[in-house]
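Counting in the working numbering, the sequence shown runs from -3 upward without gaps. Cβ coordinates follow ideal geometry from the N, Cα and C atoms, glycine included. These figures come from a predicted structure and were not determined experimentally. Worksheet: one structure, shown below.
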Amino acid sequence: MSAFRMRMDVAENRNFTGESSTTFCRAEARKARAFHSTIKGYQPTPLLALDAFAQMLGVAKVLVKDESKRFGLNAFKMLGGSYAIARLLCERYDINIADFTIEKFRAAGYPKATFATTTDG
């Protein structure tokens, strides 16, 4: 038995409904997920079970997202950047994000554009 002890108090935020923002809401999350699923190679993030750690903490399960295989980039950060660029292109060319794919955009003959994104890592 580990000497490690943990206490966790969970307080529900009764004011958060998931719909309190037009930008950060379930509907927008569904749009982003649908867009990402159109990208070649997209896979849902696998969860790794840390059974020994869960046992040490005295909890049923500890799951960790494994982003190391995300599009061969070893990071999740491509998701935000790609969606931001898609949204920008949709806004500029009056395209519904639900209808947008990179392939359709290229095939439609829109002007080429260059984007740069940065990260701290």
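Counting of Cβ neighbours within 10 angstroms places Ala104 among the exposed residues, the total staying below 16. Of the residues assessed, Ala82 falls on the buried side of the cut-off, its CB having 16 or more other CB atoms within 10 angstroms. A contact between stretches requires three or more CB pairs, one per stretch, nearer than 8 angstroms, and the stretch 93 to 111 meets this requirement with the stretch 25 to 36.
Assignment of Lys61 by DSSP, reduced to helix, strand and coil, places it in the strand class. About 5 angstroms separates the beta carbon of Leu44 from that of Asp62, a gap short enough to meet the 8 angstroms contact definition.
Under DSSP, Leu46 forms no beta bridge with any residue.
Judged by DSSP secondary structure, Gly77 falls within the alpha helix (DSSP H) whose first and last residues are Lys73 to Tyr89. When Phe111, Tyr38 and Thr110 are compared, the shortest CA-CA separation from Ala71 is found for Tyr38.
DSSP places Leu69 in the coil class of the three-state scheme, outside both helix and strand.
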